[in-house]
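Here's the structure, in structure tokens; my notes come after.
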Amino acid sequence: MRYAIIMAACCAVLFFTLFAGCTSPTQAEIQPVSTPETTAAPTTPVMTATPVPTTVETVVPLPASQTVYFTVTKDRPTGKITLLCNNGPGMSSAQVIDLTVTRADGTVEDQKLTNANDLGQISGDASITLPGSLDGVDHAQVHITMGGKVYLVYDQDVGSANPYSSTYSSLDHS
1 MRYAIIMAAC CAVLFFTLFA GCTSPTQAEI QPVSTPETTA APTTPVMTAT
51 PVPTTVETVV PLPASQTVYF TVTKDRPTGK ITLLCNNGPG MSSAQVIDLT
101 VTRADGTVED QKLTNANDLG QISGDASITL PGSLDGVDHA QVHITMGGKV
151 YLVYDQDVGS ANPYSSTYSS LDHS
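Its first residue numbered 1, the sequence shown is counted upward by one per residue in full-length UniProt numbering.
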């Protein structure tokens, strides 16, 4: 009896499936979709940006035989940043020592020591002092020119919260 009910149900489903699509009186015609005429848009020249190569300076140590010792400090009460040369085997070869300070407010100041004196070399105890900011962290860079080549030997933040000075040699940065 169960088989008879299942067979009757399957036959009914098959019958309805076969004749379900044939109930439409006429076949619908497929109409193509008309596209509106397009007018040419005015052409505008395309501007492309040309990438500009950027170079990021990295700290480069001087050759071992040309080491220059120096100290960079920031005075807490006044905010002044001082570069003090501490001699070294490369002092006689140094043509220019350049201190660049970027203050916390974004202003940049630069001062150079050159060997354009009677001795033809920078003094072993020469110094540069530039104003820094009283509040905030300033940034100092020291460039040394030897034999026409410029070396970035110091590139660090100098904060007024640091009560100690930092002594660096051009060998400390690799």
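The beta carbon of each residue, even a glycine, is placed where N, CA and C say it ideally should be.
Opposing strand residues paired with residue i [DSSP bridges]
i	result
Leu152	His143
Gly159	Val137
Gln111	Leu99
Leu130	Ile81
Range of the contiguous beta strand (DSSP E) that encloses residue i
i	result
Thr82	Ile81 to Cys85
Thr73	Tyr69 to Lys74
Leu99	Ala94 to Thr102
With 16 other Cβ atoms within 10 Å as the buried cut-off, status of residue i
i	result
Ile6	exposed
Met1	exposed
Arg103	buried
Asp157	exposed
Val108	exposed
Asp118	exposed
Gly148	exposed
Asp110	exposed
Asp105	exposed
Asp138	buried
Residues near residue i in its chain [Cβ-Cβ closer than 6 Å; skip 5 each side]
i	result
Gly88	Thr67, Val68 and Tyr69
Thr129	Lys80 and Thr82
Asp155	Val59 and Gln141
Ala9	none
Thr54	Unreliable positioning characterises Thr54 in this predicted model, as indicated by a pLDDT of 46, which lies under 50. A coordinate reading is not provided.
Contacting residues, own chain, Cβ-Cβ under 7 Å from residue i (five flanking each side not counted)
i	result
Ser127	Thr82, Leu83, Leu84 and Cys85
Ser92	Gln121
Beta-carbon contacts of residue i that lie in its chain and below 8 Å, excluding the five residues immediately before and after
i	result
His143	Val96, Ile97, Asp98, Thr100, Val150, Tyr151, Leu152 and Val153
Pro77	none
Asp125	Leu84, Cys85, Asn86 and Asn87
Asn115	Ala94, Gln95, Val96, Gln121 and Ile122
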